[in-house]
Each structure stands twice: as C-alpha cells, then as structure tokens.
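Numbered continuously in UniProt numbering, the sequence shown closes out at residue 105. Think of the CB as a built atom: it goes at the ideal place given N, C-alpha and C, for glycine as much as any other residue.
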Amino acid sequence: ALGQSAPSMTAFAKAKVAAAKIFETIDHKPSMDKDAASGVELESVTGHVELKNVDFAYPSRPDNQILCNFSLSIPAGKTIAIVGSSGSGKSTIVALIERFYDPTS
C-alpha cells in the first residue's frame with residue numbers, strides 16, 4: 001500500500017512547487033509606483049512596441065545576465081513569434097514588455 005502511494009506523493013510535491021510559483025507571480029509587487037506623479041499615463045495604447053539596447057538580469061541572480069544589448073521593434077498591428085531554445089530569454093522578453101520587471105539598463 002505504501003509503494004502505491006509513492007507516485008501520488010511525487011505528483012503532490014510537483015503540484016506544490018508549481019502552486020508556489022503561481023502565487024509568487026500573483027503576489028509580485030511592481031517596482032514602479034503606479035500612483036507616482038512622474039511618468040506618462042497613456043489614454044490609449046495603439047501601437048509600436050520597441051526595446052532598445054536592453055540589458056537584464058533577474059534580481060535574484062544579478063550575476064547571470066539574461067539579455068545583453070537586446071533590441072526588438074514590433075510595428076503596430078503586427079504579430080511576431082519569439083523562438084529559441086529553453087532558457088534563451090523568450091519569457092523574459094515578454095515579462096519586460098509587460099513591466100513585470102525593469103531592465104538593468
């Protein structure tokens with residue numbers, strides 16, 4: 001009976017780790033103050049997205065630079081695909097565009 005419960009325990013442990021990552025994302029507090037007087041509040045967003053010469057390392061691993069001098073230009077109304085191997089920075093690029101993180105430079 002104990003041997004039959006081992007796969008369930010493994011699945012539970014994996015689910016617990018996955019849930020912790022989800023809650024970490026949900027609970028993430030942005031470094032920007034949305035109520036600050038500085039910055040520009042846009043009434044509508046209609047177009048062009050551009051990243052220029054972006055460097056980025058996650059705060060938890062500042063010595064591991066994920067993006068180095070990265071640039072991307074997406075014209076308004078266009079669809080793009082970001083492809084690459086696992087760990088190449090695809091999700092990081094999206095997280096920066098969504099302002100989950102700020103670039104290091």
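Query: Whole-angstrom C-beta distance between SER91 and ILE55, which should lie under 8 Å; Result: Per the sequence shown, the amino acid found at residue 55 is Asp instead of Ile. Actually they are not in contact, since the Cβ atoms of ASP55 and SER91 sit about 17 Å apart, beyond 8 Å.
Query: Between the CA atoms of ILE74 and PHE12 - distance to the nearest angstrom; Result: 41 Å
Query: PHE56 - partner residues in DSSP beta bridges; Result: LEU67
Query: Helix, strand or coil at LEU42 [DSSP, three-state]; Result: coil
Query: Straight-line gap, VAL94 to GLU24 (C-alpha atoms, nearest Å); Result: 17 Å
Query: Between the CA atoms of SER71 and ALA6 - distance to the nearest angstrom; Result: 47 Å
Query: Residue ranges of each alpha helix (DSSP H) within the UniProt domain "ABC transporter" (69-105), 4 or longer; Result: 90-97
Query: Exposure label - LEU96; buried when at least 16 CB within 10 Å; Result: buried
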